[in-house]
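Single-structure report; data block below.
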Amino acid sequence: MSQAIQTASVAAPGFFGLNTQDSPLDLASGFALVATNCIIDQYGRIGSRKGWSRVNASSGNLGANNVGVMHELVQSDGTLTTLFAGNNKLFKLSSTNTVTELTYGGGGTAPTISASNWSCAPLNGITYFFQTGHDPLIYDPAISTTTYRRVSEKTGYVGTVPSGDIVLSAFGRLWVANTSTVKNTVYFSDLLSGHVWTTGTSGSLNVDRVWPGGSDEVQGLAAHNGFLIIFGKRQILVYANATTPSTMSLSDTVGGIGCIARDSIQSTGKDVLFLSNSGVRSFARTIIEKSAPLGDLSKNVRNDLMGIVAGETLANIKSVYSEKEAFYLLTLPSVKEVYCFDTRTQLQDGAFRVTNWDSIEPTALLSKRNGDVLIGKNGYVGKYGTYQDHTSLYRMQYYTNHADLGNQNVTSILKRLKAVVIGGTNQFVTMKWGFDFRTNYQSANVLIPVQGISEYGIGEYGIAEYSEGVALQTLSVQATGSGKIVQTGYETNINGSALSIQRIEIQSKDGKIS
């Protein structure tokens with residue numbers, strides 16, 4: 269008597285994101301072992317990330333050099349200006365997205381710029397640029413929209429502006445730290461005056477004897493709920509009443525956890541995210557839990573992530589938080605990867621859902637006021653939003669965890685794989701399957717037919733609800749082979765059309781019992 273065919277199914281596959289930390293046999297079916305160039309879409313399905321398109325048509329004096337930093341200046345009249353640095357120069361994007369180099373307009377000898385890893389902050393309609401070993405600079409559109417100057421060349425300059433590597437605009441003033449010689453002092457300007465450093469309410473805060481675990485160095489600054497947050501490498505200080513520095517007081521401290529990369533710090537409005545020596549963490553949860561491991565938002569990929577971070581130049585790590593896209597991106601340039609943390613919701617253990625991207629390789633990141641996410645590239649500013657990387661395709665890959673199909677003591681004989689996909693047009697999906705932890709997968713290709721983009725257009729897929737006529741396809745391949753533990757994978761080239769996986773089914777028969 270022939271065995272009945274059994275069906276194991278997973279709805280919303282990949283819903284929990286990557287998990288390379290725990291034993292693959294103990295994982296819930298919603299976890300993925302591979303999720304490359306994927307996001308968790310707004311409906312909880314694993315889907316393709318977006319690509320990028322060039323904003324500027326030509327590179328101008330940026331040439332074939334990387335964009336090192338990007339910043340958006342918002343003026344009081346609502347004027348928005350995108351500024352960026354590269355090729356040891358400062359630039360802005362014109363209203364027609366032309367790269368315009370800012371020239372020195374201070375009237376003296378132009379400052380020497382030897383790097384493009386500025387820390388930028390806006391105050392009172394002016395952008396301030398700080399970088400170790402460089403004169404602090406300003407872009408002041410009220411004076412000129414085509415030039416920059418030293419802070420010291422601004423009318424009314426008082427005192428000595430610190431040549432720090434960290435600047436924060438918060439509570440109506442600038443906060444600066446980490447000069448080439450002083451690593452434990454935070455300097456603050458006068459109110460609304462980033463060029464006044466010795467009069468008014470300006471001053472400094474030496475935290476050398478405040479660190480709870482002994483000497484440390486300031487690595488980053490943030491503001492949250494009226495508190496000034498000072499990140500050391502291994503410790504965090506929290507100061508209350510920062511709106512009035514003269515009455516500012518130490519409110520809380522955290523030992524054993526700090527920030528290791530300046531540009532990993534991102535405010536979400538409700539929280540502050542940062543890269544610590546144990547993973548990506550939440551400031552709010554870290555304060556509540558102190559050193560408890562549950563504060564690690566990257567716990568499901570911790571070893572992989574921190575293994576890569578160990579080989580990085582920490583100053584080159586960049587990040588961005590996008591409310592519109594609901595993600596926090598962290599770049600790992602040495603391996604040309606981006607880790608994408610979905611911020612819509614947290615898993616039961618407190619971790620974020622994570623996927624990773626290759627081939628997009630941002631050198632800088634910026635979330636604009638209108639929701640656009642800009643990425644720095646070699647010679648160009650890119651905009652996240654198409655389903656091509658400039659004009660090139662990219663490969664989406666999703667692999668399930670390893671699991672038995674109902675009984676770990678029974679060999680499963682595979683008969684058929686099915687995947688319900690949304691989107692895609694005129695493209696092959698490669699469906700793979702393997703047994704008992706071996707990586708010599710068997711595979712078959714199945715074609716998604718040509719479908720009208722209007723049915724599930726890119727705009728609809730990204731930001732709005734699907735219409736009733738959304739393009740659903742059930743892809744099916746005959747599968748062969750047998751084993752006690754099964755893993756399946758799904759790969760496709762993304763080349764102008766979004767795609768997500770709604771459901772997967774594995775049909776099998778029982779084989780030998782052992």
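Numbering (the numbering used here), first residue to last: 269 to 782.
Glycine included, each C-beta is placed from N, C-alpha and C at the ideal position.
Here the structure is a predicted model, which is why all the values come from computation and not from measurement.
Burial check for leucine 293: the Cβ neighbour count within 10 Å stays below 16, so the residue is exposed. Note that the C-beta distance between isoleucine 504 and threonine 521 is below 9 Å. In this structure, valine 649 and phenylalanine 352 form a Cβ contact; the two beta carbons are roughly 6 Å apart against a cut-off of 8 Å. For the pair glycine 427 and leucine 442, the CB atoms are not nearer than the 9 Å cut-off. The stretch 641-681 is shown to contain whole beta strand (DSSP E) runs of 3 or more residues at 641-644, 649-652 and 662-668, in chain order. Cβ contact annotation for leucine 391 (same chain, cutoff 6 Å, sequence separation greater than five): Ser437, Leu442 and Gly462, in chain order. Assignment of isoleucine 273 by DSSP, reduced to helix, strand and coil, places it in the coil class.
If you ignore the 5 residues before and after valine 603, its C-beta comes within less than 6 Å of the C-beta of Ile576, all in its own chain and listed in chain order.
The C-beta separation of tyrosine 589 from leucine 600 comes to about 17 Å, leaving the pair out of contact by the 8 Å criterion. Beta-bridge pairing by DSSP links valine 335 to Gly354. According to DSSP, residue pairing for serine 744 in a beta bridge involves Lys686.
Counting only runs of 4+ residues, the alpha helix (DSSP H) found wholly inside the stretch 524-584 occupies 551-557 and 570-577, in chain order. Spanning the alpha carbons of isoleucine 774 and tyrosine 709 requires a straight line of approximately 15 Å.
Between the beta-carbon of leucine 767 and that of methionine 664 there is about 7 Å, and that keeps the pair under the 8 Å contact cut.
For the 9 Å CB-CB criterion, isoleucine 411 and arginine 418 do not form a contact. With contacts defined by Cβ atoms closer than 9 Å, lysine 318 and threonine 654 form a contacting pair. Going by DSSP, threonine 347 is part of no beta strand (DSSP E) at all; its letter is neither H nor E. Per DSSP, methionine 699 is one residue of the beta strand (DSSP E) stretching across 695-703. For phenylalanine 595, the uninterrupted beta strand (DSSP E) run begins and ends at 595-600, by DSSP.
Where serine 316 is concerned, the enclosing beta strand (DSSP E) starts and stops at 314-316.
By the Cβ criterion, the stretch 605-624 is not in contact with the stretch 327-344, since fewer than three pairs of Cβ atoms, one from each stretch, lie closer than 8 Å. Remark: C-beta atoms of glycine 312 and asparagine 333 do not approach each other more closely than 9 Å.
With distances taken between CA atoms, lysine 538 lies nearest to Ala490 out of Leu642, Ala490, Val454 and Ser470. In the structure shown, serine 420 adopts helical secondary structure according to DSSP, grouped into three states. The Cβ-Cβ distance between serine 587 and aspartate 531 falls below 9 Å.
When only Cα atoms are considered, valine 714 and tryptophan 625 end up about 24 Å apart. The C-beta distance from leucine 370 to phenylalanine 359 rounds to 6 Å, short enough to meet the 8 Å contact threshold. Comparing C-alpha distances from histidine 492 to each of Gln534, Pro513, Lys700 and Lys451 shows the shortest one belongs to Gln534. The beta-carbon distance between asparagine 446 and glycine 432, rounded to whole angstroms, is 5 Å. This is short enough to meet the 8 Å contact definition. DSSP, read as helix, strand or coil, puts threonine 467 in coil. The beta carbon of aspartate 640 is closer than 7 Å to those of Lys651 in its chain, skipping five residues each way along the sequence. When Cβ pairs closer than 8 Å are counted between the two stretches, the stretch 657-675 is seen to touch the stretch 294-302, the count reaching three or more.
As computed with DSSP, aspartate 520 is found in a beta bridge with Val506. Between leucine 460 and glycine 471, the alpha-carbon positions lie close to 14 Å from each other. With respect to valine 475, valine 454 sits close: the two C-beta atoms are nearer than 9 Å. A check of alpha carbon separations from glycine 401 across Val506, Phe439, Ile381 and Thr395 identifies Ile381 as the nearest.
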